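Structure first, then comments.
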Amino acid sequence: MSALGNPAALVKALFARIPLILKTVLLHGIGHSTGSGKQDLRTELTVAIIRSFMSHGVPIGKQQKGTMRDPGIKGPLWVSKVTIPKPEIDVKEAVIRAIEELKSGDETYDIPGVGLVEAEWTGYRKGVQKNTPQPDISEADKYEQLKKDSSEDMVVLYFHGGAYYLMDPCTHRAAVSQISKRTGSPVLSVRYRLAPQNPFPAALVDALVAYLYLVSPPPGSLHAPVPPSKIILSGDSAGGNLATVLLQTLLTLNRLSHRTLFHGNKVLISPPGGLAVSSPWADVSRSMPSILKNALYDYLPVPLQTLNSDPSNPKKQQLPFKPPPIPSDEFWPASPPRVDYFVDAETIIHPLVSPLAAPAHLWKNAPPIFISTGEEGLADEGLILARKMHRAGAPVIAQQVEGMPHCFGLLMPGSTAGRAFYDDLGAFCSDAANGKIKGTSEGVGELEFVGFKPEKSWRVSLDKVEGLLEDEEVDEILRRAKEWRVEGEKELRRVWKAEGRARL
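Each residue of the sequence shown is one higher than the last, beginning at 1 in full-length UniProt numbering.
Structure follows, in structure tokens:
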């Protein structure tokens, strides 16, 4: 993945992939490619090339550096960098209270610190060419220019994807500026702490800090207080997970009538105006059938353990669960070891880790929700989550686009599907923030399936989507996935302790 952040390395890497490109073009031309009938040539090439970059053979630290190179700021966007000052410890305590409230057993997790959080105000810059540099002015002046180009009083709070251990706000500026363009509003894009250095719930603490920063800005902030009803939580992939679990945290604390001290003010926790996510990673265990079923159309690698031992199939023999074979560095393996970069095995199906595991009733009183997915590995978890939310009474708009890979809108913003994705997400955000989406609105509680050919498109109630597991089946699969990992983690720690005793 490191080549994707370095233009010279990317050109070299693409040259080495000329045989792959020619093979894909040939097979697509004769109708024998994996995506025939569901993907155009551009989509197939995108999937094939990105898939070829996926590798577990690079140390975590090197992967992180490769996907966090700042490409600079130019073209039709404003970026004003801010640092949210370190708040009181109460913010961390609020997250822990929500975690404990939703625990079902012996979940374990690190107790994170609370500190300053970096973020970027991003907005669409009107009337400039794609290579126009941002003027050399202060961050405050950039924010003022950004606000001048914004026509709405809402804010989108955005969390980038990257499996919780990769990427950065700088890698998502183009996508975020498109959201700003469609909504006419500024977007606050958050640099949350990454795993494995900072496992769950560090990112969630940072997300809550950013939310409270919008609602109750400390002295010296560039913005005025934003009412919760005017905040839309958004994100892609792992960022979609973070936006979703932040919503669940806010709903949980709101049920408890919780107030949090934030820079001297006691803030009553209230839910936002809406949630809009792209390809949300709703099941961190990656156990749903679409992981395998949709692998042909997606670039996300099927987990090696899933290939050998499918937790969704109880009749298939389970091999011991082990973390992927990554060269060690200062970040990984963890000490004590765990099988997942992000979270202890005992906690992998906690509702604030895998929102798919949240019982439906926990989504009661949720604001309007928009979930977009392709025909990808994470499709089942996104659609089943949408159905759960709908059954709890939340206004839900769900979309699935045939043949499209993970986060297709971000990858191919100029494609027909990409433009439609941003148009639909932007319209939803604006409508949600302006109170125009109600539970009885047309299209709310439905799945819109967008076919590769227009005549294959259809709409259906989320209660009647065919091919999705029922909630009881999902819960059983998640339970087995957790148990499988817990046993693997116990074995890792047994060996780790034995090796430690031997060294002594």
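For every residue, glycine included, the Cβ atom is placed at its ideal position computed from N, Cα and C.
Quick caveat, the model's predicted, so the values are computed rather than measured.
- Query: From which residue to which residue does the alpha helix (DSSP H) around Phe408 run?
  - Reply: As a position in the sequence shown, residue 408 is number 408, starting the count at 1. Run containing Phe408: 408–411, per the alpha helix (DSSP H) assignment.
- Item | Candidates Thr252, Gln400, Lys497, of which the one nearest Glu448 by Cα | Residue numbering aside, residue 448 sits at position 448 when the sequence shown is read from its first letter. Taking each of Thr252, Gln400, Lys497 in turn and checking the Cα distance to Glu448, the smallest one comes out for Gln400.
- Task: Closer than 7 Å by C-beta to Pro196: which residues in its own chain qualify, once you throw out the five before and the five after it? Chain order, please.
- Result: Residue mapping note: residue 196 aligns to position 196 of the sequence shown, counting from 1. Excluding sequence neighbours, Pro196 sits near Ile60, Tyr165, Phe331, Trp332, Ala334, Tyr341.
- Message: Distance check for Pro325 and Gly488, CA to CA, integer angstroms please.
- Response: Against the sequence shown, residue 488 aligns to sequence position 488. Against the sequence shown, residue 325 aligns to sequence position 325. Each residue's Cα considered, the two are about 14 Å apart.
- The beta strand (DSSP E) spanning Glu448 covers which residue range? Along the sequence shown, read from residue 1 onward, the residue named residue 448 stands at position 448. Segment 446–450, the beta strand (DSSP E) holding Glu448.
- Ser237 and Ser287 closer than 8 Å at C-beta: Here residue 237 refers to the residue found at position 237 when the sequence shown is read from its first residue. Here residue 287 refers to the residue found at position 287 when the sequence shown is read from its first residue. It is not a contact, given that the beta carbons lie outside the stated cut-off.
- Message: Taking the straight line between their C-alpha atoms, what separation do you get for Gln317 and Lys482?
- Response: The residue labelled residue 317 in the question sits at position 317 within the sequence shown. The residue labelled residue 482 in the question sits at position 482 within the sequence shown. Low confidence applies to Gln317: its pLDDT is 48, below 50, so where it sits in the model is not reliable, and the reading given next is rough at best. Answer to the nearest angstrom: the Cα atoms are 16 Å apart.
- Query: Whose C-beta lies closer than 8 Å to the C-beta of Gly451 among residues of the same chain, with five residues either side of it excluded?
  - Reply: Working through the sequence shown from its first residue, we reach residue 451 at position 451. Counting only Cβ-Cβ distances below 8 Å, and skipping sequence neighbours, we find Glu402, Ser457, Trp458.
- Give the secondary structure of Gln142 by DSSP, where H, G and I count as helix, E and B as strand, and everything else as coil. Taking the sequence shown and counting its residues from 1, one reaches residue 142 at position 142. Residue 142 is actually Lys in this sequence, not Gln. Reduced to three states, the DSSP call for Lys142 is helix.
- Out of Arg391, Phe15, Cys407, which has the shortest C-alpha to C-alpha gap to Val277? The count along the sequence shown starts at 1 and reaches residue 277 at position 277. Considering only alpha carbons, the answer is Cys407.
- Item | Proximity of Thr46 and Gly162 at Cβ, strictly below 8 Å | If you number the sequence shown from 1, residue 46 lands on position 46. If you number the sequence shown from 1, residue 162 lands on position 162. It is not a contact, given that the beta carbons lie outside the stated cut-off.
- Taking the Cβ atom as the reference point for each residue, do Ser177 and Tyr143 lie within a distance shorter than 8 Å? Here residue 177 corresponds to residue number 177 of the sequence shown, with the count starting at 1. Here residue 143 corresponds to residue number 143 of the sequence shown, with the count starting at 1. Taking a C-beta distance under 8 Å as the contact criterion, Ser177 and Tyr143 do not qualify as a contact pair.
- Message: Counting C-beta neighbours from all protein chains within 10 Å, is the total for Asn294 16 or more, i.e. buried, or is it exposed?
- Response: Residue mapping note: residue 294 aligns to position 294 of the sequence shown, counting from 1. Buried is the call here.
- Does the Cβ of Asn131 have 16 or more other Cβ atoms within 10 Å, making it buried, or fewer, making it exposed? By one-based count along the sequence shown, residue 131 stands at place 131. Exposed is the call here.
- Is Tyr211 helix, strand or coil when you go by DSSP? Mapped onto the sequence shown, residue 211 falls at position 211. In the structure shown, Tyr211 sits in a helix (DSSP, three-state: H, G or I).
- Environment of Met15 [buried if 16+ CB atoms lie within 10 Å]: In the sequence shown, counting from the first residue as 1, residue 15 sits at position 15. First, the amino acid is wrong: residue 15 is Phe here, not Met. The residue is exposed, with fewer than 16 neighbouring Cβ atoms inside 10 Å.
- Message: On the criterion of 16 or more Cβ atoms from any shown chain inside 10 Å, does Asp424 qualify as buried, or is it exposed?
- Response: In the sequence shown, residue 424 corresponds to position 424, counting from 1. Classification for Asp424: buried.
- Task: Could you please give me the residues that DSSP links to Gly377 through a beta bridge?
- Result: As a working note, residue 377 is residue 377 in the sequence shown. The partner list for Gly377 (beta bridge, DSSP) is empty, contrary to what the question assumes.
- Alpha carbon to alpha carbon, how far is Met412 from Pro454? Give it in angstroms, no decimals. Translated into the one-based positions of the sequence shown, residue 454 becomes position 454. Translated into the one-based positions of the sequence shown, residue 412 becomes position 412. Computed Cα separation, rounded: 19 Å.
- Item | Residue burial classification, Ala498 (beta-carbon count within 10 angstroms, cutoff 16) | As a first step, residue 498 must be located in the sequence shown, where it is residue number 498. Under this definition Ala498 is an exposed residue.
- Within 8 Å, strictly: CB atoms of Val339 and Arg485: The residue labelled residue 339 in the question sits at position 339 within the sequence shown. The residue labelled residue 485 in the question sits at position 485 within the sequence shown. Going by C-beta atoms, Val339 is nearer than 8 Å to Arg485.
- CA nearest to the CA of Lys23, picked from Lys266, Ile49, Tyr158: In the sequence shown, the residue the question calls residue 23 occupies position 23. Closest by alpha carbon: Ile49.
- Task: Work out the CA separation of His263 and Lys148 for me, nearest whole Å.
- Result: For the purposes of this step, residue 148 is taken as the residue at position 148 of the sequence shown. For the purposes of this step, residue 263 is taken as the residue at position 263 of the sequence shown. Each residue's Cα considered, the two are about 28 Å apart.
- Query: Using the C-alpha atoms, what's the distance from Asp40 back to Gly31?
  - Reply: Counting from 1 along the sequence shown, the entry for residue 31 is found at position 31. Counting from 1 along the sequence shown, the entry for residue 40 is found at position 40. Taking the straight line joining both Cα atoms gives about 11 Å.
- Assuming Gly273 and Ala432 make a contact with CB atoms under 8 Å, what is their CB distance in whole Å? Sequence index remark: in the sequence shown, residue 273 carries index 273 (1-based). Sequence index remark: in the sequence shown, residue 432 carries index 432 (1-based). Their Cβ separation, rounded to whole angstroms, is 5 Å, which keeps Gly273 and Ala432 in contact under 8 Å.
- Message: So, at 6 Å on beta carbons, what are the nonlocal neighbours of residue 514 in its own chain, with the 5 sequence-adjacent residues on each side left out?
- Response: In this structure the chain extends from 1 to 504, so residue 514 is not present and cannot be described.
- Tyr158 and Ser216: beta carbons closer than 8 Å? Within the sequence shown, numbered from 1, the residue matching residue 158 stands at position 158. Within the sequence shown, numbered from 1, the residue matching residue 216 stands at position 216. No, these two residues do not count as a Cβ contact at 8 Å.
- Task: Compute the distance between the beta-carbons of Ser189 and Pro218, then report whether it is under 8 Å.
- Result: What you label residue 189 is simply residue 189 of the sequence shown in a count that begins at 1. What you label residue 218 is simply residue 218 of the sequence shown in a count that begins at 1. The Cβ atoms of Ser189 and Pro218 lie no closer than 8 Å to each other.
- Item | Simplified DSSP state of Leu166, which is helix, strand or coil | On the sequence shown, position 166 is the one that residue 166 refers to. If DSSP states are grouped into helix, strand and coil, Leu166 belongs with coil.
- Message: Among Leu194, Glu473, Pro327, whose alpha-carbon lies nearest the alpha-carbon of Pro289?
- Response: Here residue 289 refers to the residue found at position 289 when the sequence shown is read from its first residue. Of Leu194, Glu473, Pro327, the residue nearest in Cα terms is Glu473.
- Message: Once DSSP output is grouped into helix, strand and coil, what is the label at Trp332?
- Response: Translated into the one-based positions of the sequence shown, residue 332 becomes position 332. Coil.
- Message: Out of His350, Arg173, Pro135, which one is the CA nearest neighbour of Phe200?
- Response: Looking up residue 200 in the sequence shown gives position 200. Answer by Cα proximity: His350.
- Message: Does Pro405 pass the burial test, meaning 16 or more other C-beta atoms within 10 Å, or should it be called exposed?
- Response: Your numbering for residue 405 matches position 405 in the sequence shown. Its Cβ being crowded by 16 or more others within 10 Å, Pro405 is buried.
- Task: Answer yes or no: do residue 515 and Met167 have a C-beta to C-beta separation smaller than 8 Å?
- Result: In the structure displayed, the chain extends from 1 to 504; residue 515 sits before or after that span and is not available.
- Message: Relative to the C-alpha of Ala98, which candidate in Ile137, His258, Asn365, Pro227 has its C-alpha closest?
- Response: Counting from 1 along the sequence shown, the entry for residue 98 is found at position 98. Of Ile137, His258, Asn365, Pro227, the residue nearest in Cα terms is His258.
- Message: Pro271 and Leu250 - do their beta-carbons sit closer together than 8 Å?
- Response: In the sequence shown, residue 250 corresponds to position 250, counting from 1. In the sequence shown, residue 271 corresponds to position 271, counting from 1. Cβ atoms of Leu250 and Pro271: closer than 8 Å.
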